[in-house]
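Below, the structure is given as structure tokens:
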């Protein structure tokens, strides 16, 4: 990464990324509305759908980005990394918070509906463990990963982006994505355990 | 990249967020029973104090990209008010009432402010002088 740490990067005719892809907002609104309706109606199928689909995508994307894309990205040249980030990061700005919201909101309601949160339920302690794993991931994602993601996008929109800033924050993004990816292994163990008790 | 040092706004805000998350986990672990409120209240109070300290340090900053800070903060606030609103809705829907609901709502307010502050601060610090000189 030292090749971009030297200073200002000027790339002629480069792509200026959207910070928030506006075209995706209606999809996000539809997903949020669907989750709200599922919770309001205690709609078992919809809650299960939101939790399983959201959780599967969240876990798979975290693992894939953290353990596969991240290390590859770290070895790319600066222009290639910038080009990739300009297309990849805006999608992540909308996708990940939506998947997390969908998974957690539906999952909590589902656990309540199925009695898994009752103190005597064998799944109760596993669910508390899952809260702890999600809690650590939430602090990392909201406190480090997302600010880095947004800052990279804002930096790339500048007329003369600072390559050193982008390199620093991309490194932070890749490392934190790796940590949350590894933590998803714990989620997989807990959730398969809950589903089979 | 400049070596300009900023006060620990991000660290304090992330600390405040972490305490809210711990308090939220404590409360959620008792659902559907009524949770004891002592520890979550203490965590929320310390979290609020950290958030206020962070805002205090932020307000004292000079030569800071405030325009960029407020643009990002406003959009972040909108997103996280929706997120917090949805969590609050789930608690209301599940018949959480009285002091536990008030505490959850207070924690959600801190959460909905902490995340936009840390995002906006991170963006603005890299748009502030000497970065802004380019």
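Residue numbers (our numbering), protein chains in the order written: chain G, 5 to 201; chain X, 119 to 252. Glycine included, C-beta positions come from ideal geometry on N, C-alpha and C. Keep in mind it's a predicted model, so treat the numbers as computed, not measured.
Per-residue DSSP class, three states only, for residue i
| i | result |
| --- | --- |
| residue 66(G) | helix |
| residue 166(G) | strand |
| residue 12(G) | Unreliable positioning characterises residue 12(G) in this predicted model, as indicated by a pLDDT of 45, which lies under 50. A coordinate reading is not provided. |
| residue 231(X) | helix |
| residue 43(G) | helix |
| residue 101(G) | helix |
| residue 56(G) | helix |
| residue 252(X) | Caution applies to residue 252(X), whose pLDDT of 43 falls short of 50 and renders its modelled position unreliable; the value that the coordinates give is listed next. DSSP places residue 252(X) in coil when its eight states are reduced to three. |
| residue 172(G) | helix |
| residue 152(X) | coil |
| residue 114(G) | helix |
| residue 214(X) | coil |
| residue 197(G) | helix |
| residue 244(X) | coil |
| residue 122(G) | coil |
| residue 21(G) | coil |
| residue 27(G) | helix |
| residue 124(X) | coil |
| residue 181(X) | coil |
Rounded C-alpha distance that separates residue i from residue j
| i | j | result |
| --- | --- | --- |
| residue 106(G) | residue 55(G) | 7 Å |
| residue 8(G) | residue 246(X) | Confidence at residue 8(G) is low in this model, with a pLDDT of 41, below 50, so the placement of that residue should be treated as unreliable; the coordinate-derived value is given next. So the two alpha carbons sit approximately 20 Å from each other. |
| residue 65(G) | residue 223(X) | 31 Å |
| residue 130(X) | residue 240(X) | 13 Å |
| residue 173(G) | residue 183(X) | 18 Å |
| residue 201(G) | residue 118(G) | 13 Å |
| residue 124(X) | residue 186(G) | 31 Å |
| residue 159(X) | residue 218(X) | 10 Å |
| residue 144(X) | residue 162(X) | 11 Å |
| residue 147(X) | residue 126(X) | 32 Å |
| residue 236(X) | residue 74(G) | 23 Å |
| residue 28(G) | residue 188(X) | 23 Å |
| residue 63(G) | residue 188(G) | 6 Å |
Residue i classed as buried or exposed, judged by whether at least 16 other C-beta atoms fall within 10 angstroms
| i | result |
| --- | --- |
| residue 205(X) | buried |
| residue 174(X) | exposed |
| residue 156(X) | exposed |
| residue 101(X) | Absent from the structure is residue 101(X), since the part of chain X shown begins at 119 and ends at 252. |
| residue 184(G) | buried |
| residue 163(G) | exposed |
| residue 30(G) | exposed |
| residue 180(G) | buried |
| residue 102(G) | buried |
| residue 243(X) | buried |
| residue 216(X) | exposed |
| residue 166(G) | buried |
| residue 210(X) | exposed |
| residue 192(G) | exposed |
| residue 154(X) | exposed |
| residue 196(X) | exposed |
| residue 124(G) | exposed |
| residue 169(G) | buried |
| residue 177(G) | buried |
Alpha helix (DSSP H) segment containing residue i, residue limits
| i | result |
| --- | --- |
| residue 80(G) | Run containing residue 80(G): none; DSSP gives neither H nor E here. |
| residue 192(X) | 184–211 |
| residue 135(G) | 128–144 |
| residue 153(G) | 150–161 |
| residue 131(X) | 127–146 |
| residue 162(X) | 156–177 |
Stretch pair the region 39–51 of chain G + the region 103–120 of chain G: three plus CB contacts closer than 8 Å: yes
When you compare the region 129–149 of chain G with the region 129–143 of chain X, are there three or more beta-carbon pairs, one atom per stretch, that lie closer than 8 Å? yes
Could you say if the region 21–28 of chain G and the region 82–98 of chain G meet the contact criterion of at least three C-beta pairs nearer than 8 Å? yes
Validate contact between the region 75–91 of chain G and the region 31–43 of chain G using beta carbons, cut 8 Å, 3 pairs: no
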